[in-house]
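Asks: For reference, the structure I am asking about is given below.
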């Protein structure tokens, strides 16, 4: 019995991250990339993690997959998946856990395809390795997968370079959902793509999610995209979560000045032109306190009023 | 202040002469081997005008030719045909082989990657001082060092950096700060036109809007004209007075930014606008509508202006139809005019429907 079967459809969170702290240990100094972060993702829920480069969002994804390499070290906290302690898993358990329970689509994943193998060989490999199907059966299932993301199954014989960027990205997403994982981690899945392709891929992920019912941890810096796709979201800054709430609450009433700055970075497409403000150069939030509930289900880290003024002054300059 | 930030008025130039005008610009890239006669047409008959103190955005997806246009206008690439008029003077005729210093002092570029465009071994001061010296803007004779120093400090303040950052190396600055240095370097020359090629796409999202605000401020205070090249329609709408949409090396629609994004007339513009994520917009992705739009882009059989007696349609010539109020200067290329075979960009290539059959 796999974890996915036990946790599916229950009200238990699929993934529960508690007080996670990840450090990058250096010879002379260490950096805390993720600092005491907690969140959980329910069954069938899309949870967004927003923030910009270096805020620790990818480190969290890698921690969940247990992919962290030296010098990164999980210093404290726990990650439980369907009631199982991920951090205590053995290599054998991890092998089953990855891809079968949790699959991940990496940033610029379309470049992660092996250029010397056909798409079909790479997709069939998932089934022969993880599910133990015969080669013929694996190829049949690979064809089904491609159809799922609306790519012609004849493309199984194509090499990655023969597909466009969008098709490659879709193939990678199809591979991620091949074993019907209960959690899919998407780390900036559309960053390298044009906006039209991006929208189609996001629509496809939504369809797949509705069809297969998996939960999603969606990582991006594009707030508009995140609000469109996610049910709940958290905004990260400097390894800390500064705000978490339902996506539309964050969009409607962003509480933290950093969230406001992130929102401001994406001007609206309708309405009059309103001057927006970003984060002024050099403004840093330090020693971010723990979250406090400002409205039901809406948590914001208390901040210095000075920092907020700085944001507004920065916009005025 | 001894140094006026404004460029001195140039003689014999009417106030109505646009700052930059591009006429019938074309660029083909030779492909294949040495003896091959194959070419990729990156730009074809591009007409674009940027008025004084105007910000024009050029949008399109990757591969649409917008960067090639910028590189041609900046004289980093030799156009195959057409004219580039700066202050009413055809610079391709004036400086036949390469850009002259006079040209460079009129037009400057800000590139996409502030990590690559600043030499890591020099301090910020070096970049700005060099610009001032080469173009003779640093002052001459007695007290010139003082003048230069004053100008350096002025430049730093203008772009919103601290004066003591003149002593910093690029690696000590954040991406946004580096891009501001790149803008200051362009400003040092006191140009009339700045070409900014995706100036914010490599920056952290939270500082992007700050750079856009800076560009707007430079336009408002110093009257610098700008060509803002981007794939981000929302930022084009935010910054630019007018927006031009590029598809397959040709401009298919142009108009006042708010009007263009509110009433996109060309199917390609509609495709782009509908794809931008916007939580404020109701309704979601409709694959059928999308397929119709693609079909309309690649092989349109109807044009919205077909029954308009004042605006003749043409499938052979790139006829421009006026859209809505003439005040918005919003035009769209006749939909019947079809792009060349194989011109479909990335967005159109992924369509799993049967390949549309282009006419030519």
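Protein chains in written order, with this note's numbering: chain A, 1355 to 1671; chain B, 37 to 396. Beta carbons are placed, not taken as given, at the ideal position from N, Cα and C, and that holds for glycine. Bear in mind the structure is a predicted one, so any value in this text is a computation, not a measurement.
For residue 1437(A), count neighbouring Cβ atoms within 10 angstroms of its own Cβ and tell me buried if that reaches 16, exposed if not.
Replies: As a first step, residue 1437(A) is located in the first chain; it is residue number 83 there, counting from the start. Burial call: exposed.
Asks: Following the continuous beta strand (DSSP E) through residue 290(B), name the residue where it begins and the one where it ends.
Replies: The count along the second chain starts at 1 and reaches residue 290(B) at position 254. It spans 286-292 - the beta strand (DSSP E) in which residue 290(B) sits, taken as one unbroken run.
Asks: Give a yes or no on whether the C-beta atoms belonging to residue 1536(A) and residue 1368(A) are separated by under 7 Å.
Replies: As a first step, residue 1536(A) must be located in the first chain, where it is residue number 182. As a first step, residue 1368(A) must be located in the first chain, where it is residue number 14. In contact: residue 1536(A) and residue 1368(A) (Cβ atoms closer than 7 Å).
Asks: My output table needs one value for residue 305(B): the three-state DSSP class, helix, strand or coil.
Replies: In the second chain, the residue the question calls residue 305(B) occupies position 269. Of the three classes helix, strand and coil, the one that applies to residue 305(B) here is helix, per DSSP.
Asks: Please report how far the alpha carbon of residue 395(B) lies from the alpha carbon of residue 1588(A), in whole angstroms.
Replies: The sequence position of residue 395(B) within the second chain is 359, counting from 1. The sequence position of residue 1588(A) within the first chain is 234, counting from 1. The predicted position of residue 395(B) is uncertain, since its pLDDT is 41 and thus under 50; no value can be drawn from it.
Asks: With 16 as the cutoff for other CB atoms within 10 Å, does residue 1628(A) come out buried or exposed?
Replies: One-based indexing of the first chain puts residue 1628(A) at position 274. When all chains shown are included, residue 1628(A) counts as exposed.
Asks: Using the beta-carbon of each residue, which ones in chain A are nearer than 9 Å to residue 270(B)?
Replies: The residue labelled residue 270(B) in the question sits at position 234 within the second chain. Correct list: 1578, 1620, 1621, 1622 and 1623.
Asks: Quick check on the DSSP output: the alpha helix (DSSP H) that includes residue 236(B) runs from which residue to which?
Replies: On the second chain, residue 236(B) is found 200 positions in, with the first residue counted as 1. Where residue 236(B) is concerned, there is no enclosing alpha helix (DSSP H), because DSSP gives it neither an H nor an E.
Asks: Indicate whether at least one CB of chain B lies closer than 7 Å to the CB of residue 1363(A).
Replies: Position 9 of the first chain, counted from the start, is the residue given in the question as residue 1363(A). Bear in mind that the predicted position of residue 1363(A) carries a pLDDT of just 42, short of 50, making it too unreliable to give a figure here.
Asks: Residue 297(B) versus chain A: which residues are under 9 Å apart at the beta carbon?
Replies: If you number the second chain from 1, residue 297(B) lands on position 261. Chain A residues near residue 297(B): 1623 and 1624.
Asks: Are the beta-carbon atoms of residue 217(B) and residue 160(B) separated by less than 7 Å?
Replies: Here the question's residue 217(B) lines up with position 181 in the second chain. Here the question's residue 160(B) lines up with position 124 in the second chain. It is a contact, given that the beta carbons lie within the stated cut-off.
Asks: Can you grab the Cα-Cα spacing for the pair residue 309(B) / residue 1551(A), in whole Å?
Replies: What you label residue 309(B) is simply residue 273 of the second chain in a count that begins at 1. What you label residue 1551(A) is simply residue 197 of the first chain in a count that begins at 1. C-alpha separation (whole angstroms): 13 Å.
Asks: Please list, in chain order, the residues of the segment 82-113 of chain B that have any C-beta partner in chain A closer than 9 Å.
Replies: 97, 98 and 99
Asks: List, in chain order, every chain B residue whose beta-carbon is nearer than 8 Å to that of residue 1407(A).
Replies: Position 53 of the first chain holds residue 1407(A). Ordered by position in chain B, the residues that pass the 8 Å Cβ test against residue 1407(A) are 240.
Asks: Would you kindly check if the distance between the Cβ of residue 1514(A) and the Cβ of residue 1504(A) is under 7 Å?
Replies: Taking the first chain and counting its residues from 1, the one referred to as residue 1504(A) is at position 150. Taking the first chain and counting its residues from 1, the one referred to as residue 1514(A) is at position 160. No; because the gap between Cβ atoms is not below 7 Å, this pair is not in contact.
Asks: According to DSSP, is residue 310(B) part of a helix, a strand, or is it coil?
Replies: Residue mapping note: residue 310(B) aligns to position 274 of the second chain, counting from 1. Of the three classes helix, strand and coil, the one that applies to residue 310(B) here is helix, per DSSP.
Asks: Could you tell me which whole beta strand (DSSP E) segments of length 3 or greater appear in the segment 1599-1660 of chain A?
Replies: 1646-1649 and 1652-1654
Asks: Going by the beta-carbon positions, is the gap between residue 285(B) and residue 60(B) smaller than 7 Å?
Replies: Your numbering for residue 285(B) matches position 249 in the second chain. Your numbering for residue 60(B) matches position 24 in the second chain. No. Outside cutoff.
Asks: So which residues of chain B does residue 1648(A) contact, with C-beta pairs closer than 9 Å?
Replies: Locating residue 1648(A) in the first chain gives position 294, where the first residue counts as 1. None at all; the shortest Cβ gap to chain B is about 20 Å.
Asks: Go ahead and label residue 1590(A) buried or exposed: buried means 16 or more other beta carbons lie within 10 angstroms of its beta carbon, across all protein chains shown.
Replies: Counted from its first residue, the first chain places residue 1590(A) at position 236. Label assigned to residue 1590(A): buried.
Asks: Would you identify the three-state DSSP class for residue 270(B), choosing helix, strand or coil?
Replies: If you number the second chain from 1, residue 270(B) lands on position 234. Three-state result, residue 270(B): helix.
Asks: Along chain A, in chain order, which residues have C-beta atoms closer than 9 Å to that of residue 219(B)?
Replies: Reading the second chain from its first residue, position 183 is the one you call residue 219(B). The contacting residues do not exist; residue 219(B) stays about 12 Å from chain A at best.
Asks: Starting from the C-beta of residue 272(B), find all residues in its chain whose C-beta is less than 6 Å away, skip the five residues before and the five after it, and write them out in chain order.
Replies: Mapped onto the second chain, residue 272(B) falls at position 236. For residue 272(B), the CB contacts under 6 Å within the same chain, skipping 5 residues up- and downstream, are 93, 95, 266 and 279 in chain order.
Asks: Could you list which residues in chain A have their beta carbon closer than 8 Å to that of residue 244(B), in chain order?
Replies: Translated into positions along the second chain, residue 244(B) becomes position 208. Within chain A, the residues whose beta carbon sits less than 8 Å from that of residue 244(B) are 1619 and 1632, listed in sequence order.
Asks: If we count Cβ pairs, one from each stretch, closer than 8 Å, do we get three or more for the segment 250-267 of chain B versus the segment 285-294 of chain B?
Replies: no
Asks: Check whether the Cβ atoms of residue 260(B) and residue 1618(A) lie closer than 7 Å to each other.
Replies: Within the second chain, numbered from 1, the residue matching residue 260(B) stands at position 224. Within the first chain, numbered from 1, the residue matching residue 1618(A) stands at position 264. No, the Cβ-Cβ distance between residue 260(B) and residue 1618(A) is not below 7 Å.
Asks: Listing by chain order, which chain B residues have their CB less than 8 Å from the CB of residue 1502(A)?
Replies: For the purposes of this step, residue 1502(A) is identified with residue 148 of the first chain, where counting begins at 1. The contacting residues do not exist; residue 1502(A) stays about 12 Å from chain B at best.
Asks: Quick check on the DSSP output: what are the complete beta strand (DSSP E) runs of length 3 or more inside the segment 327-362 of chain B, in order along the chain?
Replies: 356-358
Asks: Can you find a CB in chain B that lies within less than 7 Å of the CB of residue 1399(A)?
Replies: By 1-based counting over the first chain, the position of residue 1399(A) is 45. For residue 1399(A), the answer is no, since every Cβ of chain B falls outside 7 Å of its Cβ.
Asks: Would residue 89(B) pass as a contact of residue 255(B) if the rule is Cβ separation under 7 Å?
Replies: As a first step, residue 89(B) is located in the second chain; it is residue number 53 there, counting from the start. As a first step, residue 255(B) is located in the second chain; it is residue number 219 there, counting from the start. Their beta carbons are under 7 Å apart, which means residue 89(B) touches residue 255(B) by this criterion.
Asks: Mind pulling the chain A residues with CB within less than 8 Å of residue 274(B)?
Replies: Residue numbering aside, residue 274(B) sits at position 238 when the second chain is read from its first letter. Within chain A, the residues near residue 274(B) are 1621, 1627 and 1630.
Asks: Rounded to the nearest angstrom, what separates residue 393(B) and residue 370(B) at their Cα positions?
Replies: Position 357 of the second chain holds residue 393(B). Position 334 of the second chain holds residue 370(B). Low confidence applies here, because residue 393(B) scores a pLDDT of 41, under 50, leaving its location unreliable and the question unanswered by this model.
Asks: Among the residues of its own chain, which have a CB less than 8 Å from the CB of residue 1430(A), if the five just before and after it don't count?
Replies: Here residue 1430(A) is taken as the residue at index 76 of the first chain, counted from 1. The residues are 1373, 1374, 1375 and 1390.
Asks: Check the Cβ of residue 1582(A) against every Cβ in chain B and list those closer than 7 Å, keeping chain order.
Replies: As a working note, residue 1582(A) is residue 228 in the first chain. Those are 313 and 315, listed as they occur along chain B.
Asks: Which residues in the same chain have their Cβ closer than 6 Å to the Cβ of residue 1595(A), if we skip the five residues on either side of it in sequence?
Replies: Locating residue 1595(A) in the first chain gives position 241, counting from the first residue. The residues are 1391 and 1588.
Asks: Since residue 333(B) and residue 307(B) are thought to touch, with beta carbons under 8 Å apart, how far apart are those beta carbons, to the nearest angstrom?
Replies: Here residue 333(B) refers to the residue found at position 297 of the second chain. Here residue 307(B) refers to the residue found at position 271 of the second chain. Contact holds; Cβ gap of about 7 Å.
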